[in-house]
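Down below is the structure, laid out as structure tokens.
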Amino acid sequence: MKKAIFLTLLMLSSCAQVEEVPPENLIGEEKMADLIFELAVLDAAKGFVPKDQKERIVLDADSFYQFHDIDSTQFTSSNAYYAKQPKAYLRIVSMAKTKLEEFKKNMEESENNIDSISTNPKQRKNITK
Numbered sequence: 724m725k726k727a728i729f730l731t732l733l734m735l736s737s738c739a740q741v742e743e744v745p746p747e748n749l750i751g752e753e754k755m756a757d758l759i760f761e762l763a764v765l766d767a768a769k770g771f772v773p774k775d776q777k778e779r780i781v782l783d784a785d786s787f788y789q790f791h792d793i794d795s796t797q798f799t800s801s802n803a804y805y806a807k808q809p810k811a812y813l814r815i816v817s818m819a820k821t822k823l824e825e826f827k828k829n830m831e832e833s834e835n836n837i838d839s840i841s842t843n844p845k846q847r848k849n850i851t852k
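Next comes the structure, spelled out in structure tokens:
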């Protein structure tokens with residue numbers, strides 16, 4: 724009987740949710756969204772580089788972290804913390820997705836402006852003057 728009570732208590736205690744303690748140097752949600760956005764853009768850009776030039780383009784992780792004034796441990800621990808917080812991570816990913824959609828829209832508008840200039844002879848004359 725004591726074993727059954729002990730096992731029941733053990734099972735109940737293992738089901739309890741443990742509050743995840745945020746890391747000491749937690750990156751804020753908005754900055755984390757910015758980092759995820761930039762990593763997604765950089766990853767996508769790698770696909771457009773010709774194979775013979777890929778050796779020239781080196782994205783050093785250290786330079787990425789230095790640019791954002793963080794280190795790899797801080798990014799990794801913050802990402803792991805948010806991954807265990809589904810609602811917070813969903814907010815972060817949603818912000819990053821919104822930034823990507825805005826970026827895509829701006830790129831398409833820029834491309835359309837370039838296309839319209841290159842196909843309209845009157846506009847080409849104005850540019851060359």
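Mapping the sequence shown onto the numbering used here, position 95 (from 1) lands on 818, and the numbers just tick up by one.
The C-beta atom is built at its ideal place from N, Cα and C for all residues, glycine as well.
Residue i classed as buried or exposed, judged by whether at least 16 other C-beta atoms fall within 10 angstroms
i      : result
Ile750 : buried
Ala784 : exposed
Ile837 : exposed
Ala803 : exposed
Ala806 : exposed
Whole-angstrom C-beta distance between residue j and residue i, which should lie under 8 angstroms
i      : j      : result
Asn748 : Gln797 : 5 angstroms
Arg814 : Glu752 : 6 angstroms
CB contact check: residue i to chain B, cutoff 8 angstroms
i      : result
Met818 : Of the chains in the structure shown, none is chain B; there is only one protein chain.
Residue i versus residue j: straight-line alpha-carbon distance, rounded
i      : j      : result
Gln776 : Asn829 : 26 angstroms
Glu831 : Glu742 : 44 angstroms
Met856 : Ile759 : It is not possible to answer for residue 856, since the shown part of the chain is limited to 724 through 852.
Gly770 : Lys726 : 60 angstroms
Lys744 : Ser817 : The sequence given here has Val at residue 744, not Lys. C-alpha separation (whole angstroms): 23 angstroms.
Glu834 : Thr821 : 20 angstroms
Lys774 : Asp766 : 15 angstroms
Phe787 : Lys754 : 13 angstroms
Glu825 : His791 : 21 angstroms
Gln789 : Thr731 : 51 angstroms
Ile728 : Lys827 : 59 angstroms
Val772 : Ile793 : 27 angstroms
Pair within 8 angstroms by beta-carbon distance, residue i and residue j
i      : j      : result
Ala768 : Leu823 : no
Ser795 : Pro746 : no
Ala811 : Ala756 : no
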